[in-house]
Amino acid sequence: MAEQTSQSQGPLLEAIGASVQRTPSQGVLIADINWQVAAGEYWVVGGPHGCGKSAFLATMAGLLPPAAGVIRHFGRDLSCFPEAESIAQRTRVGFVFKGGGRMFPQLTVAENVALPLRYHHDWTGEEAAEPVQALLEITGLTPLAASAAQTLTTGWQQRVGLARALALEPEVLFLDEPMAGLEAAHRLWWRNFLDQLSRGAPWTRERKITLIAATSDFSLWSGARRHFALLNHGRWQLLGERADIPEMN
Amino acid sequence: MAVMADSFSTAEISDGPPAPLPRASMQRAGREIIGLTDDIRGMGAFLLITLSVALAKFNTARTVVRPAIRAQIVRAGLSLLPMMAFLAGALGLVVIGQTVFLLNRYGAEKYAGTVMVTVVVRELGPILAALLVMARVGAANVVELGTARALGEVEALEALGIDPIHYLVVPRVIGLALAVFSLTVYLILFALLSGYLFAFIEQVPLLPGQYFSQLAAALLWQDFVLLALKTLCFGLLIAIVTCYEGLAAPLRLDDVSRATTNAITKCVVGMVLLDAVFILVYLVI
Chain C
315 MAEQTSQSQG
325 PLLEAIGASV
335 QRTPSQGVLI
345 ADINWQVAAG
355 EYWVVGGPHG
365 CGKSAFLATM
375 AGLLPPAAGV
385 IRHFGRDLSC
395 FPEAESIAQR
405 TRVGFVFKGG
415 GRMFPQLTVA
425 ENVALPLRYH
435 HDWTGEEAAE
445 PVQALLEITG
455 LTPLAASAAQ
465 TLTTGWQQRV
475 GLARALALEP
485 EVLFLDEPMA
495 GLEAAHRLWW
505 RNFLDQLSRG
515 APWTRERKIT
525 LIAATSDFSL
535 WSGARRHFAL
545 LNHGRWQLLG
555 ERADIPEMN
Chain V
1415 MAVMADSFST
1425 AEISDGPPAP
1435 LPRASMQRAG
1445 REIIGLTDDI
1455 RGMGAFLLIT
1465 LSVALAKFNT
1475 ARTVVRPAIR
1485 AQIVRAGLSL
1495 LPMMAFLAGA
1505 LGLVVIGQTV
1515 FLLNRYGAEK
1525 YAGTVMVTVV
1535 VRELGPILAA
1545 LLVMARVGAA
1555 NVVELGTARA
1565 LGEVEALEAL
1575 GIDPIHYLVV
1585 PRVIGLALAV
1595 FSLTVYLILF
1605 ALLSGYLFAF
1615 IEQVPLLPGQ
1625 YFSQLAAALL
1635 WQDFVLLALK
1645 TLCFGLLIAI
1655 VTCYEGLAAP
1665 LRLDDVSRAT
1675 TNAITKCVVG
1685 MVLLDAVFIL
1695 VYLVI
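These protein sequence lines map, in sequence, to chains C and V. Counting in our numbering, the first sequence runs from 315 upward without gaps. Counting in our numbering, the second sequence runs from 1415 upward without gaps.
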């Protein structure tokens, strides 16, 4: 625990000379990424369709191995984690997939959200009911709790993906184009909700969650000050912290 | 084709040694052998990983994994009981009844028990139960897992720190192994009963007591051990092959049907080879 505390004083996430690829046969998509993310920061990484944003997020989240370089989470190289520690680390990082959040179609909304809690804490359905109920409530999913996840529209499925990712109370949350293709009401809800997550809310016990979102449209992220970066033509470019970034679209 | 035609005509004309196989055929055979070797190596590694995960995480997430194992046993075992009863009835009537009837015609009814044990207990029972499970559950496994893989659900599990082998494969392996074993036992019992029923209808002069005494006398303790081993191996084989084909390689949705066909072919070939190994064991003991 002492080690963990000392490590978390440095950057939460760090990429050193990292390269991103989907599969070895497809070659490197983005090369030479040097990046540091401190606790509580809110990053938006933009780029055109097909530039490799999803592969970039998956690599930074530790779901894909980097083609080259080093990725560090909480001060430690991801490739050096032994199996047991790697799972413990994995639960500190959440991931919301794009286009419906990749629900488990055979499960209901509540079961989808409960799955990580039940798996990692070895809880029964009853034991997981209370935290699941709380997550469904803050994400506006309570009326849909018993619905089959696959019957929901993409907008609602995306929220189930968010609730599921938040179940293990991650310190860092990756979001792959969370607002793409959503109607205005859903987009507004997401913006407000992510702002609350970033600032700390009563239901996170005022804990600030580090957010890293990918987007192909910067205009969806206008208004508040955030850190911006760009992926374009295989290059990684830091744009800095600014509120006027949407005008650069 | 032109190369093949040339080589055949040369072989017909000359009296020398036969012409070498056309180069394309050699290359194809080579590719097939390399592919087969890769498959065997991949499945062997997959089996070892699955067994190590099953042991290492025996007490992990019991509230999630144990109900999943029960669900697999119900799906591959209990749900197939009616179909199994139908098959066992057919097997009893067609094979056993006829055999007993023929043995009686030639005055060899005292061998009925030995024939039954050899044919039904050692051979047909296990392979029929395994084929039934493969067709009804193995094929569904490939489709489910292949679709899950193609739609990114496996990555979603990994993102949640859930081991896909532990959550998706281990319950199927344990469930299918136990289901094939249990179904085989029921299938053998049903088949032996329905066989005697047919013989009874045909008025074969073989009393139930005599029939079952012959069966009991023909059964060795090794039969029980090998039956259990064989059926567990069949279940393990079906589960590993179907899970491997569904999960091991990245799939697109339109690859799922090809993966299913591949898995079924490999299961059938694997079962025949496994059966051959057990025949050797029976011959040795």
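C-beta atoms are modelled at their ideal positions from N, C-alpha and C, and glycine is treated no differently.
- By the criterion of a C-beta distance shorter than 7 Å, Ala329/C is surrounded in its chain by Ile347, Asn348, Trp349, Met374, Gly383 and Ile385, once the five residues flanking it on both sides are discounted.
- For the pair Val427/C and Leu1688/V, the Cα-to-Cα distance works out to about 42 Å.
- When the Cα atoms are used, Asn1555/V and Thr1656/V turn out to be separated by approximately 6 Å.
- What Leu377/C touches in chain V, judged by beta-carbon distance under 7 Å, is Glu1569, Glu1572 and Ala1573, going in chain order.
- In the DSSP assignment, Asn1473/V falls outside any alpha helix (DSSP H), carrying neither H nor E.
- Taking each of Thr456/C, Trp504/C, Arg519/C and Gly364/C in turn and checking the Cα distance to Leu525/C, the smallest one comes out for Trp504/C.
- For Arg1586/V, the enclosing alpha helix (DSSP H) starts and ends at Val1584 to Ile1615.
- Leaving aside the five residues that flank Arg501/C on each side, the residues in its chain whose CB is nearer than 7 Å to its CB run, in chain order, Met493 and Leu534.
- Our two residues, Ala1499/V and Phe1604/V, have alpha carbons roughly 7 Å apart in a direct line.
- In the three-state reduction of the DSSP assignment, Trp437/C falls in the coil class, being assigned neither a helical nor a strand state.
- Think of a sphere of 8 Å around the beta carbon of Pro430/C: the chain V residues whose beta carbon falls inside it are Leu1574, Gly1575 and Ile1576, in chain order.
- Taking the CA atoms as reference points, Thr1513/V sits about 48 Å from Val1478/V.
- DSSP places Trp1635/V in the uninterrupted alpha helix (DSSP H) bounded by Trp1635 to Leu1661.
- By the 16-neighbour rule on beta-carbons within 10 angstroms, Arg1536/V is buried.
- For the set His547/C, Asn546/C, His541/C and Gly548/C, the Cα lying nearest the Cα of Gly554/C is the one of His541/C.
- Cβ atoms of Val351/C and Leu326/C come within 8 Å of each other, at about 5 Å.
- Positions of the alpha helix (DSSP H) runs, each at least 4 residues long and wholly inside the region 1461-1496 of chain V, are given as 1476-1490 in order along the chain.
- DSSP places Glu1558/V inside the alpha helix (DSSP H), whose first and last residues are Ala1553 to Ala1564.
- Asn546/C is bridged by DSSP to Arg549/C.
- Residue state for Gly1684/V is assigned as helix, using DSSP reduced to three classes.
- For Gly475/C, the enclosing alpha helix (DSSP H) stretches over residues Thr468 to Leu480.
- Following the DSSP letters along the chain, one finds Val334/C inside the beta strand (DSSP E) bounded by residues Leu327 to Val334.
- Taken through DSSP and simplified to helix, strand or coil, Ile385/C comes out as strand.
- Taking one beta carbon from each stretch, the region 414-423 of chain C and the region 473-482 of chain C have 3 or more pairs nearer than 8 Å; the two touch.
- Annotated three-state conformation of Gly413/C is coil, per DSSP.
- Residues of chain V with a Cβ closer than 7 Å to the Cβ of Asp436/C are, in chain order, Ala1475, Arg1476 and Thr1477.
- Below 8 Å, too few C-beta pairs join the region 431-442 of chain C and the region 1586-1603 of chain V to call them touching: fewer than three.
- Using a Cβ distance threshold of 9 Å, Leu1559/V and Leu1650/V do not count as a contacting pair.
- Residue pairing from DSSP places Ala527/C in a beta bridge opposite Val358/C and Leu489/C.
- Shown in chain order are the members of the region 390-422 of chain C whose Cβ falls below 7 Å from a Cβ of chain V: Ile401, Arg404, Thr405, Phe409, Phe411, Arg416 and Phe418.
- Taking 9 Å as the threshold, the shortest C-beta distance from Tyr1581/V to chain C falls below it.
- Within chain C, the C-beta atoms nearer than 8 Å to that of Gly1566/V come from Phe411 and Arg416, in chain order.
- Collapsing the DSSP output to three states places Glu555/C in a strand.
- Ala1499/V sits in a helix when the DSSP states are folded into three classes.
- As a beta-bridge residue in DSSP terms, Trp349/C pairs with Ala329/C.
- For a cut-off of 8 Å, the C-beta gap from Ala1490/V to Val1551/V is around 4 Å, short enough to register as a contact.
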